[in-house]
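Engineer: If you scroll down you'll find the structure; I have some questions about it.
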Amino acid sequence: MFDVNLKDASLSYGDRVVFQNLNLTLEGGQWTCLLGGSGVGKTSLLRFIAGLSTAKGLKTSGTVLCENHKVLEHRFAWMAQQDSLLPWFNVLENVTLGSRLRKSIFRRNKLSPEDRDRAEDILAKVGLAKKTNELPQNLSGGQRQRVALARTLMEDKPLVLMDEPFGALDAITRLNLQDLACELLQDRTVFLITHDPLEALRLGHHIYHLQGNPATLTEAIMPPGKTPRSLEDRELMTLQGELLERLRQEEECA
Amino acid sequence: MKQLKPFLVVIALLLFWEAIVVLLEMPDYILPGPLAVFQSMYEYSDMLWENTLVTMAEMLMGLALGVISGVFLAMVLVYFVALRPWLLPLLLVTQAIPVFALAPILMLWFGYGLASKVVMTVLVIFFPVATCSYDGLRHTHQDWLDMAHTMGGNRFTVLRHIRWPAALPALASGLRVAVVVAPIGAVVGEWVGSSAGLGYMMLQANARLWVDQMFAALAVLAFCSVGLYFVTDVALKKLIPWQPAT
């Protein structure tokens with residue numbers, strides 16, 4: 001599994017410099033979590049890595065390179081804040097959207113048996129084996145996010161970029177999905193953005209905090225123990241307290 | 255109960271109508287009562303049927319052509335950005351000229367037959383369909399497009415699987431408007447010059463002061479319009495189950 005190196009990344013919007021000369025390494029096969037208050041530029045950084053910083057008025061520079069100094073280009077899967085399920089496709093069709101989008105328009109639209117088997121296998125892993133033919137509107141928030149996770153897994157990419165994927169869920173559903181994502185994305189490089197210190201502490205091997213204006217990264221926190229870390233871990237709770245306090249002070253300063 | 259409401263409204267209106275005729279002692283040549291109109295509908299049913307077929311044909315052909323050309327223009331506007339500054343004013347101009355003022359010219363160019371009415375109908379419904387589909391195609395959820403981009407979709411597959419289905423609810427609104435205004439186009443076309451159709455029948459009856467026949471044609475026209483809207487609405491709800499409930 002390869003590292004992903006972000007070098008001298010800068011992004012500005014009009015006169016506002018969001019971040020400047022940021023350097024960050026996402027270690028191969030590990031989870032890197034990014035904490036930060038709202039509006040500090042977390043999502044901008046993630047979009048920069050994904051090559052989605054193409055809006056009008058955005059100025060960017062810097063590189064995102066992985067093994068052999070190659071550019072990232074489609075070697076990642078994307079999981080956004082909203083589940084982004086397409087309401088006209090059922091669960092199975094949503095999970096296999098990627099292969100549909102990459103197909104030539106002249107080819108027939110049928111799903112290959114291998115793809116179908118794999119999608120059903122993944123859906124079984126996320127606990128939705130019986131929902132393959134449901135439309136997204138008939139699913140709960142947690143189930144929808146499971147489908148989104150299944151779609152991310154279906155893409156089968158070495159790097160997974162996640163933007164607060166569990167932010168809108170209730171506490172219990174969130175914990176369950178964290179465990180599930182941790183289990184299923186074990187061997188991949190994951191970059192997770194979150195505003196929840198507990199989430200970062202449970203899942204992250206490296207936790208960075210993005211703060212200030214223009215935003216800079218703090219030293220990485222590396223909590224001990226295997227992920228997903230237990231909620232009963234004393235040290236974890238102390239760290240959570242510290243991080244929450246830090247985030248709160250930052251909010252007050254802003 | 256909910257399904258019954260529209261019928262109750264219609265019955266109440268008919269009763270109100272009859273009451274006005276009876277209480278104000280309306281003469282037949284100004285306002286015939288609903289019973290007289292029904293009688294006339296029965297009496298002239300053959301003639302009404304023939305003319306209804308003509309008007310319906312004009313409406314449906316106009317709808318088909320208008321929707322196809324409206325959607326086509328919307329696609330061109332979305333995908334050929336360079337053409338936008340040329341085509342958008344054109345779209346506005348087609349609406350700025352009162353279409354009804356064009357009717358006599360259309361008669362001149364396309365004759366007194368079906369063609370001129372179809373063109374008239376197309377002109378009336380083209381605008382709502384084009385603007386609604388243009389809006390729909392333009393305002394695709396950014397999250398969906400980002401996702402498609404990261405998945406490596408090309409512009410054709412993204413159009414087919416994301417932009418197009420996402421635009422369908424907006425297109426459906428355009429279609430609902432189109433279905434409502436299509437009879438206006440057809441009937442106005444018939445008024446200016448024709449030899450068949452419900453509008454033609456109304457003009458003929460009017461000239462002869464056969465007011466009950468006029469009302470009969472009007473009632474059939476109203477029934478067809480409402481029916482067309484109803485069928486379209488039900489079909490759209492069935493075909494596009496993901497549109498927001500109205």
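Listed in order, the protein sequences are those of chains A and B. Following the numbering used here, the numbering of the first sequence begins with 1 at its first residue and continues without gaps. Following the numbering used here, the numbering of the second sequence begins with 255 at its first residue and continues without gaps. For each residue, glycine too, the CB sits at the ideal point set by N, CA and C.
1) Using a Cβ cut-off of 7 Å, which residues of the region 383 to 401 of chain B contact any Cβ in chain A, in chain order?
2) Is the distance from the Cβ of PRO286 (chain B) to the Cβ of PHE469 (chain B) below 7 Å?
3) Using 8 Å as the cut-off, can you tell me whether the region 66 to 76 of chain A makes contact with the region 373 to 386 of chain B, which would need three or more C-beta pairs spanning the two stretches below that distance?
4) Could you tell me the distance, in whole angstroms, from the CA atom of LEU111 (chain A) to the CA atom of PRO423 (chain B)?
5) Indicate the three-state DSSP secondary structure (helix, strand or coil) for GLN82 (chain A) in the structure shown.
6) What are the start and end residues of each continuous alpha helix (DSSP H) run of 4 or more residues lying completely inside the region 191 to 218 of chain A, in chain order?
7) DSSP has LEU159 (chain A) in a bridge; who is on the other side?
8) Taking the C-alpha atoms as reference points, what is the distance between LEU34 (chain A) and PHE48 (chain A)?
9) Examine chain A for any beta-carbon lying closer than 7 Å to the beta-carbon of TRP496 (chain B), and answer yes or no.
10) Measure from the C-beta of THR486 (chain B) to each C-beta in chain A and report whether the shortest distance is under 7 Å.
11) Using a Cβ cut-off of 7 Å, pull out every chain A residue sitting near VAL412 (chain B), in sequence order please.
12) Any idea which residues DSSP pairs PHE19 (chain A) with across the strands?
13) Pick out whichever of B:GLY443, B:LEU463, B:ASP487 and B:VAL325 has its Cα sitting closest to the Cα of MET310 (chain B).
14) Would you give the residue range spanned by the beta strand (DSSP E) that TRP31 (chain A) belongs to?
15) Could you give the distance in angstroms between the alpha-carbon of GLU235 (chain A) and the alpha-carbon of LEU201 (chain A)?
16) What does a CB cutoff of less than 8 Å around LEU268 (chain B) pick up in its chain, not counting 5 residues either side in sequence?
17) Can you tell me whether THR375 (chain B) is buried or exposed? The criterion is at least 16 other CB atoms within 10 Å of its CB, across all chains shown.
18) Would you identify the three-state DSSP class for ILE221 (chain A), choosing helix, strand or coil?
19) Is THR260 (chain A) buried or exposed, if buried means 16 or more other CB atoms sit within 10 Å of its CB?
20) Residues of chain B with a CB under 9 Å from the CB of ILE84 (chain A): which are they?
21) Starting from the C-beta of MET1 (chain A), find all residues in its chain whose C-beta is less than 8 Å away, skip the five residues before and the five after it, and write them out in chain order.
22) Once the 5 residues before and after LYS70 (chain A) are set aside, which same chain residues still bring their CB inside 8 Å of it?
23) For PRO419 (chain B), would you say it is in contact with chain A, using Cβ-to-Cβ distances shorter than 7 Å as the test?
24) Count the other C-beta atoms from every protein chain shown that fall within 10 angstroms of the C-beta of PHE19 (chain A), then say buried if there are 16 or more, exposed otherwise.
25) Would you mind sorting PHE410 (chain B) into buried or exposed? The rule is 16 or more other CB atoms within 10 Å of its CB.
26) So, at 7 Å on beta carbons, what are the nonlocal neighbours of THR500 (chain B) in its own chain, with the 5 sequence-adjacent residues on each side left out?
27) Output the distance between the C-alpha atoms of LYS59 (chain A) and ALA9 (chain A), rounded to the nearest integer angstrom.
28) Residue range of the alpha helix (DSSP H) that GLY62 (chain A) falls in?
29) Rounded to whole angstroms, what's the CA-CA distance from LEU177 (chain A) to SER427 (chain B)? Just pull it up for me.
30) What does a CB cutoff of less than 6 Å around GLY324 (chain B) pick up in its chain, not counting 5 residues either side in sequence?
31) Strictly below 8 Å CB to CB, what residues from chain B border PRO87 (chain A)?
32) Buried or exposed, going by whether 16 or more other CB atoms sit within 10 Å of the CB of LYS492 (chain B)?
33) Measuring only the C-alpha atoms, how far is ARG338 (chain B) from VAL332 (chain B)?
34) DSSP puts LEU24 (chain A) in a beta bridge; with which residues?
35) DSSP on LYS70 (chain A), reduced to helix/strand/coil?
36) Which two residues bound the contiguous alpha helix (DSSP H) that contains THR132 (chain A)?
Structural biologist: In this structure, then:
1) Here the close residues are ASP397, TRP398, ASP400 and MET401.
2) yes
3) no
4) Approximately 26 Å, taken between the alpha carbons.
5) coil
6) 197 to 203
7) A:PHE76 and A:THR189
8) The alpha-carbon atoms of LEU34 (chain A) and PHE48 (chain A) are separated by roughly 14 Å.
9) yes
10) no
11) LEU101
12) Beta-bridge pairing links PHE19 (chain A) to A:LEU11 and A:ALA215.
13) B:GLY443
14) Taken as a continuous stretch (DSSP letters only), the beta strand (DSSP E) holding TRP31 (chain A) covers 31 to 35.
15) 10 Å
16) PRO288
17) buried
18) Judged by DSSP in its simplified three-state form, ILE221 (chain A) adopts strand.
19) What is shown of chain A runs 1 to 254, which leaves residue 260 (chain A) out entirely.
20) Note that residue 84 (chain A) is Ser in the sequence shown here, rather than Ile. Neighbours of SER84 (chain A) on chain B, chain order: HIS395, ASP397, TRP398, ASP400 and MET401.
21) Answer for MET1 (chain A): GLY28, GLY29, PRO158, ASP187, ARG188 and THR189, listed in chain order.
22) none
23) yes
24) Buried, because 16 or more other Cβ atoms sit within 10 Å of the Cβ of PHE19 (chain A).
25) exposed
26) With a pLDDT of only 47 at THR500 (chain B), under the threshold of 50, the placement of this residue in the model should not be trusted; the figure read from the coordinates follows. Taken in chain order, the list of residues that qualify is empty.
27) So the alpha carbons of these two residues sit roughly 11 Å apart.
28) Per DSSP, GLY62 (chain A) belongs to no alpha helix (DSSP H); it is in the beta strand (DSSP E), 58 to 66.
29) 38 Å
30) Here the set comprises PHE380, VAL383 and ALA384.
31) TRP496
32) exposed
33) Using only the alpha carbons, I get a separation of about 8 Å.
34) A:LEU6
35) strand
36) First-last for THR132 (chain A): undefined, no H or E at that position.
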